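**Q**
Protein chains: 2
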Amino acid sequence: MTQPSKSELTILKVLWAEAPLSAREIQEKVGPLLDWSFSTTRTTLSRMAEKSLLQLDTRHRVRVYTPVESKARTLSGVMREFFDTVLEMKGPLPTAAFHDSKMLSEEEWAELDRLLNESHDDD
Amino acid sequence: MTQPSKSELTILKVLWAEAPLSAREIQEKVGPLLDWSFSTTRTTLSRMAEKSLLQLDTRHRVRVYTPVESKARTLSGVMREFFDTVLEMKGPLPTAAFHDSKMLSEEEWAELDRLLNESHDDD
DNA sequence: TGACGTGTGTTACAAATGTAACATATACGT
DNA sequence: ACGTATATGTTACATTTGTAACACACGTCA
Chain Y
8 MTQPSKSELT ILKVLWAEAP LSAREIQEKV GPLLDWSFST TRTTLSRMAE
58 KSLLQLDTRH RVRVYTPVES KARTLSGVMR EFFDTVLEMK GPLPTAAFHD
108 SKMLSEEEWA ELDRLLNESH DDD
Chain C
8 MTQPSKSELT ILKVLWAEAP LSAREIQEKV GPLLDWSFST TRTTLSRMAE
58 KSLLQLDTRH RVRVYTPVES KARTLSGVMR EFFDTVLEMK GPLPTAAFHD
108 SKMLSEEEWA ELDRLLNESH DDD
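Protein sequence lines, in the order shown, are assigned to chains Y and C. Positions 8 to 130 (the working numbering) are the ones given, in order, by the first sequence. Positions 8 to 130 (the working numbering) are the ones given, in order, by the second sequence.
1) Which residues in the same chain as C/Thr9 place their Cβ atom closer than 6 Å to its Cβ, once the five residues preceding and following it in sequence are excluded?
2) Give the interface partners of Y/Ala104 over in chain C, defined as CB-CB distance under 7 Å, in chain order.
3) Would Y/Lys109 and C/Glu95 be called neighbours here (beta carbons separated by less than 8 Å)?
4) Report yes or no: is there a C-beta of chain C within less than 8 Å of the C-beta of Y/Glu125?
5) Please classify Y/Gly98 as buried or exposed, where buried requires at least 16 other C-beta atoms within 10 Å of its C-beta.
6) Can you confirm whether C/Asp129, when its beta carbon is compared against all beta carbons of chain Y, has any partner nearer than 8 Å?
7) Between Y/Glu131 and chain C, is there a C-beta pair that is closer than 8 Å?
8) Return yes when the Cβ of Y/Ile33 is within less than 8 Å of the Cβ of Y/Thr47, no when it is not.
9) I need the straight-line Cα distance from C/Ala56 to Y/Arg121, nearest angstrom please.
10) Are the CB atoms of Y/Leu61 and Y/Val75 within a distance shorter than 8 Å?
11) Do you know offhand how far C/Glu113's Cα is from C/Pro101's?
12) Considering C/Arg70, what are the terminal residues of the beta strand (DSSP E) in which it resides?
13) Determine the chain C residues that contact Y/Leu82 at a beta-carbon separation under 9 Å, and present them in chain order.
14) Would you call Y/Thr73 buried or exposed, if buried means 16 or more other Cβ atoms sit within 10 Å of its Cβ?
Shown next as structure tokens:
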């Protein structure tokens, strides 16, 4: 499970909020944020699809992108990696401390907690 | 303030524990961990010095390396960046939640807390 | 039917990072 | 003085990521 880079995470965030979206639609959202040209956005989307971070479909004759993994699953991986390497905390993590981040809903936090702190060998 | 990569962080960790160290000494500690050849370690050390992550001195006719920034300062930057981009938590962070990480002593946690949550415009 | 906008495939190049060899200098022991 | 180990300088090449242009196909509108 390859971790998304910072830019890739930005794209994933807009897609978690609303998917599937076309490259053009994604560009309208992340272009201003990342100051990217449409080409750049498209290249990054292609690479994300290659890496199976995104799934590709065709709707109304256009390519649309959907995240393969849920927000909770992806962020749990990113967080696990971070705490492992930076703080060397291998065991359960104090996820309650982050619950006031607006990034996830209550249900998503519940899923993330489960993923981080319970059985760890799926996927 | 360039953030250290994962490998660079590994090197910084051994130097925070004991510095200054020569390339050879560092290799003895990180080589097994990272499965690196001596050359690789040396290249990374050079680049870290270029980026001013490490300071270079000569002791007993050998080059020795010392971290420029303290563990607390470096980790506070890394953590700030992480919570910003991943969880979009911009304000104060619940650092108490991490205090059982063995990475830092009580005093270092105190420094890190101060850096993360108080005035934010030094260095 | 021909120009134009939009979608898509392909290619390009630079910087950062991972990973390492080669070559040279220098000190230390014999 | 000579060989040998260690230290240091330099160079190399691949992969990932950032950043983007070029070229072509297709549908729509005049």
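Glycine included, every Cβ here is placed at the ideal spot set by N, Cα and C. Remember, it's a predicted structure, so these values are computed and weren't measured experimentally.
**A** The relevant details are as follows:
1) Lys58
2) Pro101, Ala104
3) yes
4) no
5) Y/Gly98 is exposed by the Cβ-count criterion.
6) Low per-residue confidence applies at C/Asp129: pLDDT is 48, beneath 50, and the placement is therefore not dependable enough to give any value.
7) Lying outside 8 to 130, the shown extent of chain Y, residue 131 of chain Y is not represented and no answer is given.
8) no
9) 41 Å
10) yes
11) 15 Å
12) 69-74
13) Val93, Leu94
14) exposed
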